[in-house]
Amino acid sequence: MDTTTRSTAGGGSSRSRPASAPPTGRTRPAGRRDQRRPPSGPRTVPRAVPRAVPSPVRRPGGPHDWFAERLLAVLSGQRPVHSLLGLTVGEAYEQLVTLAPTGPLRERLRPVLRHCGRFHPGPGVIEAFARITTGDRVSAMAFRLEQGADLRWRCAAVEVGAPRP
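Add 1458 to the 1-based position in the sequence shown for my numbering, that's all there is to it.
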């Protein structure tokens, strides 16, 4: 087979092609045989097809939901107490230090946050409550969040109710 070698700017040679093949003005790579091209027209977004099964209910996001998850992880022993050190003010950290090692949420089963609600007694304050289930037992948790001058929410008080059968 007769081949011709093309030279590059540096003097070296690059790929070789058969001498009988004329140079082409292709835009695809040399080894590609696929003739498909992306569409050149405007892109259209496919319409959402209605689903028969409803999507799961999303929890409304807020500082009380976020903090309830973190607080539950600490009180159940999944996270260390010091993980909430910068997120507490006043006596709340001391309350956590005493509640966490002997808390009612430290059982074999992992507690699950079922519901978290809130009440705004004033600007920059949230009093939140949560319903927690551990197997077939239900516990209650309440905490107070206060917004600081830096606009960060910090816990000021924590209370945990014993599980009820």
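For each residue, glycine too, the CB sits at the ideal point set by N, CA and C.
Taking the alpha carbon of residue 1569 as the point to measure from, which residue in 1535, 1543, 1609 has its own alpha carbon closest? The residue labelled residue 1569 in the question sits at position 111 within the sequence shown. Distance from the Cα of residue 1569 is smallest, within the candidate group 1535, 1543, 1609, for 1535.
Quick check on the burial criterion: 16 or more other C-beta atoms within 10 angstroms. Buried or exposed for residue 1609? Here residue 1609 corresponds to residue number 151 of the sequence shown, with the count starting at 1. Exposed, by the Cβ-count rule.
For residue 1546, collect the residues of the same chain with a Cβ closer than 8 Å to its Cβ; drop the 5 residues on either side in sequence, then sort them by chain order. Here residue 1546 refers to the residue found at position 88 of the sequence shown. Closer than 8 Å at the Cβ level, and outside the excluded window around residue 1546, lie 1554, 1612, 1613, 1614.
DSSP state of residue 1455, grouped into three classes? Past the boundaries of the shown model lies residue 1455; the chain is included only from 1459 to 1623, so the question cannot be answered.
Where are the alpha helix (DSSP H) runs, 4 residues long or more, that stay fully inside the stretch 1530–1607, in chain order? For secondary structure counted as the alpha helix (DSSP H) over 4 or more consecutive residues, the stretch 1530–1607 holds these complete runs in sequence order: 1550–1560.
Would you give the residue range spanned by the beta strand (DSSP E) that residue 1612 belongs to? Your numbering for residue 1612 matches position 154 in the sequence shown. Counted as a single uninterrupted DSSP element, the beta strand (DSSP E) harbouring residue 1612 occupies residues 1611–1618.
Once you ignore the five residues that flank residue 1565 on each side, which residues in its own chain have a CB closer than 7 Å to its CB? Position 107 of the sequence shown, counted from the start, is the residue given in the question as residue 1565. Here the set comprises 1592.
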